[in-house]
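Peer 1: Take a look at the following structure, please.
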Amino acid sequence: MGFEPTISCVTGMRFKPAKLRPRVQIIITQNNLVYNKNMSLMHKNMNNQKVSELLRAISAAYEIKGPKANRFRTVAYDNAADAVEHLGSEIKDIWQEGKLEEISGIGESIAQNLSEVFEKGSSKHFKAILSDLPPSMFELVKLNGIGPKRAYQLSHELGISAKNSIVDLEKQAKAGKIANLEGFGRESQADILKAIADYKTRQPDRILLPQAQKIADEILSWMKKCKKIDQIKPLGSLRRKASTVGDIDIAVATEVPGKVLDHFTKYPKVIRILEKGKHKASVVLVNNIQVDLIVMDPDSFGSLLQHFTGSKHHNIALRNYAKDKGLSLSEYGIRTKNKLYKFKTENDFYKFLGLDYIPPELREDMGEIEAARQNKLPSVVKPRDIKGDLHLHSNFDIETSHDLGVDSMLHMIKKADGLGYEYLAFTEHNPSQSGHSESDIVKILKRKRDKIMRLNENKNYSRVKKVFNSLEIDILPDGSLPVSDKGLETLDFGLVSIHSSFKKTRAEMTKRVLRGLDHPKVKIFAHPTARILNKRESVELDWEKIFQFCLDRGKWIEINAAPKRLDLPDYLVREAVKAGVKITLGTDAHEVSAMDNIAYGLAVAARGWAKKSDIINTRSLKDFEKLI
DNA sequence: GCCGTTTTCGGCCCGACTGTTTTCAGTCG
């Protein structure tokens, strides 16, 4: 994919001119079955996941129809599906803005057809491609080990029904019907039954980083019992510190791969071995998490780290880049015409290609290869660069309707001291409006201010020099704040955030947030998308407007480091930083131990290409005080 | 079907594992 991507706001996509043209509506019929609205691959109200599924279906259709002629078309549709899956905003919104073709991987043809789907509920061209394929096959490809061709063959030859396709397939397998099909056998039939069992118990969500880390740590301590291991390292999206992780990837350097793989598949939490060869094995654990392990000769461990860390798109881009130089990359090393160069470290691998070392967090094919070539990669911000935590909840009873923290201010200050911070800010939720008059609220806030003043007077910590009196203030549905000017006057500065009415339109939500940010005491927009990973979608906002407002008015945007939030998300951090908007890091800790989560916030900052200078709380106390 | 500071035409990453095969196709990451 590309160099020098010009990423436009909101979506993380390259800029290309857009031309769109809608057409007509079609209803799909197949095997005497009419797709109803829920089952259809196409209807007017498609979300990103549905569009992605549709594009994969078209890809599969091309693969079946003419593998040779359509091989690259298949890849193109797959790439488009990937692109849609990883979009930061709803594709329907992008369509409404006429910007479909700005998405890298979506060109004139796909954009035109998607427009037709959004407008009419179907596309003539897509419909034609899908028309002679059994609908059930698009369900069957969701099974592990079943791709387009087998799915087609199964659906076609067994007459799998469009409704309950997988249940139907299971019946046929149990009846022994699959073993008789050409190209299948008893083993395949048994594998399909296992794949169906896996499918039924499959964890629907990707897991959060700390959970993935814990699972990986447990496997690592099991693997370390095997004495034949030189080095072992978790890779994949866990190493890239993506906000969620699908499966766990582990690399091992060893001289005796067989012994290591045997030990791995004997891990007590393994419930099923998906595959096991000479170089790698895949297993499913009791919690239905898949773990892939690859072994490699220690001399080539560097190239394995590179290969298995990914991302897929980074590797493809890197291999294309190398290909132009007459080189071929793989997990074994770098091949020229007549020689294989091996690498013990990733650093040497990238160096051989004429590139700076690319930190794992940046390996997403977002321009990092070209930046590495020009020595223009941002350097990753380290924990020791952070001088204070700007989002903390103590147990000081502020009579809020939201949750209080569980630990005392003093306890949290001591923790901050241990982390080497110079300052911190207590940002309990605002006192509730119900049951409190305006003057009650001011009284409570003064009580808190006095408490913090006393803490600042009686300092007996070695590093922390100042405690700031702040507050996390709800942005009410109309954009007003539940604290009066008099109340806000007690603060050093305020955070604002959304905790209700998440479903407003983009325009309404943007207006609401801008109003909430308007007050001069308000400095930070906290957990700005309000998403909770796996639980709640992001709110819709016009980020260009938000960023511009922040720039004009000297407001900052938070990266909330709580693992369930990681909000602002990485792709929006990238946009914010490009726009020149300053970022703050806060853990939103409600207990002392959660203050360590700052590391997750730093990962988001790195993935968003934020430099030290982009992050407000890398400033010394003196500089920070000037800013507020 | 998509894409481009070597290209608007001519390319499109690379390899492991499995089952059903007698040398490979399909699937996956």
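Residue 295 in numbering that gives the first Met the number 0 is what sits at position 296 of the first sequence, and the numbering runs on without skipping anything. Cβ atoms here follow ideal geometry from the backbone N, Cα and C, with glycine treated the same way. Remember, predicted model here, so these are calculated numbers, not experimental data.
How would you call residue 285, buried or exposed, if buried means at least 16 neighbouring beta carbons within 10 angstroms?
Peer 2: Label assigned to residue 285: exposed.
Peer 1: Between residue 331 and residue 299, is the Cβ-Cβ spacing less than 8 angstroms?
Peer 2: Result yes, Cβ atoms of residue 331 and residue 299 sit closer than 8 angstroms.
Peer 1: Using a Cβ-Cβ cutoff of less than 6 angstroms, which residues in the same chain neighbour residue 328 once the five nearest sequence positions on both sides are dropped?
Peer 2: 318 and 321
Peer 1: May I ask which residues mark the beginning and end of the beta strand (DSSP E) holding residue 422?
Peer 2: Run containing residue 422: 422-425, per the beta strand (DSSP E) assignment.
Peer 1: Give every residue of the same chain whose Cβ lies closer than 7 angstroms to the Cβ of residue 160, excluding the five residues on either side of it in the sequence, and list them in chain order.
Peer 2: Hits under 7 angstroms: 135 and 167.
Peer 1: Ignore the nearest five residues each way along the sequence and tell me which others in residue 194's own chain have a CB closer than 6 angstroms to its CB.
Peer 2: 142, 143 and 144
Peer 1: Helix, strand or coil for residue 364 per DSSP?
Peer 2: coil
Peer 1: Nearest-angstrom Cα distance between residue 188 and residue 593?
Peer 2: 48 angstroms
Peer 1: Report the residue from 580, 573, 240 and 275 whose alpha carbon sits nearest the alpha carbon of residue 554.
Peer 2: 580
Peer 1: Give the range of the alpha helix (DSSP H) segment to which residue 295 is assigned.
Peer 2: From DSSP, residue 295 is part of no alpha helix (DSSP H) but of the beta strand (DSSP E) over 289-295.
Peer 1: Using a threshold of 7 angstroms, is the CB atom of residue 429 nearer than that to any non-hydrogen atom of the ligand GTP?
Peer 2: The ligand GTP is not part of the structure shown, which contains no ligands of any sort.
Peer 1: Check this for me: beta carbons of residue 430 and residue 399, under 8 angstroms apart or not?
Peer 2: yes
Peer 1: Taking buried to mean at least 16 other C-beta atoms within 10 Å of its own C-beta, is residue 546 buried or exposed?
Peer 2: buried
Peer 1: So, for residue 151: in the same chain, excluding its five sequence neighbours on each side, which residues have a beta-carbon less than 6 angstroms away from its beta-carbon?
Peer 2: 63 and 136
Peer 1: Using DSSP's beta-bridge definition, name the partner residues of residue 325.
Peer 2: According to DSSP, residue 325 bridges with nothing at all.
Peer 1: In chain order, what residues of the same chain have a beta carbon less than 8 angstroms from the beta carbon of residue 297, not counting five sequence neighbours either side?
Peer 2: Within the same chain, 229, 230, 252, 253, 254 and 343 come within 8 angstroms of residue 297 by CB-CB distance, once the 5 residues on both sides are set aside.
Peer 1: When DSSP labels each residue in this structure, what does residue 497 get in the three-state scheme?
Peer 2: Reduced to three states, the DSSP call for residue 497 is coil.
Peer 1: What does a CB cutoff of less than 6 angstroms around residue 266 pick up in its chain, not counting 5 residues either side in sequence?
Peer 2: Cβ within range, chain order: 221.
Peer 1: Can you tell which of 415, 538 and 518 has its C-alpha closest to the C-alpha of residue 508?
Peer 2: 538
Peer 1: For residue 361, which residues of its own chain have a beta-carbon under 6 angstroms away from its beta-carbon, when the five flanking residues on both sides are left out?
Peer 2: Residues 367 of the same chain have their beta carbon placed closer than 6 angstroms to that of residue 361, with the five preceding and five following residues left out of the count.
Peer 1: Across which residues does DSSP place residue 435 in a beta bridge pair?
Peer 2: Its beta-bridge partners do not exist; DSSP assigns none.
Peer 1: Consult DSSP for residue 398 and reduce its assignment to one of helix, strand or coil.
Peer 2: coil
Peer 1: Could you give the first and the last residue of the continuous alpha helix (DSSP H) run that contains residue 348?
Peer 2: 345-351
Peer 1: Applying the criterion that 16 or more other CB atoms from any shown protein chain within 10 Å of the CB defines a buried residue, is residue 530 buried or exposed?
Peer 2: buried
Peer 1: Could you name the residues of the same chain whose beta carbon sits closer than 6 angstroms to that of residue 378, not counting the 5 residues immediately before and after it, in chain order?
Peer 2: none
Peer 1: For residue 631, does the three-state DSSP call read helix, strand or coil?
Peer 2: The requested residue 631 does not occur in the structure, where the chain is confined to residues 0 to 627.
Peer 1: Go through its chain and collect everything with a Cβ distance to residue 435's Cβ below 8 angstroms, but skip five positions before and after it.
Peer 2: If we look at residue 435 and ignore the five residues flanking it on each side, its Cβ neighbours are 398 and 443.
Peer 1: On the three-pair Cβ rule with 8 angstroms, is the stretch 454-464 touching the stretch 413-427?
Peer 2: yes
Peer 1: By Cβ distance, which residues of its chain are closer than 7 angstroms to residue 602, with the 5 residues on each side in sequence left out?
Peer 2: 240 and 360
Peer 1: Would you say the stretch 485-500 touches the stretch 508-518, given that touching needs at least three Cβ pairs under 8 angstroms?
Peer 2: yes
Peer 1: On a CA-only basis, which of 163, 533 and 600 is nearest residue 558? Give me that one, please.
Peer 2: 600
Peer 1: From this set, 110, 212, 273 and 427, which residue's C-alpha is nearest residue 243's C-alpha?
Peer 2: Of the listed residues, the one whose Cα sits closest to residue 243 is 212.
Peer 1: If contacts are defined as beta-carbon pairs under 8 angstroms, then residue 583 and residue 615 qualify, I think. What distance do you get, rounded to the angstrom?
Peer 2: 5 angstroms
Peer 1: Taking contact to mean at least 3 C-beta pairs separated by less than 8 angstroms, is the stretch 517-533 in contact with the stretch 561-577?
Peer 2: yes
Peer 1: In three-state DSSP terms, what is residue 151?
Peer 2: helix
Peer 1: Using a Cβ-Cβ cutoff of less than 7 angstroms, which residues in the same chain neighbour residue 522 once the five nearest sequence positions on both sides are dropped?
Peer 2: 492, 493, 554, 555 and 627
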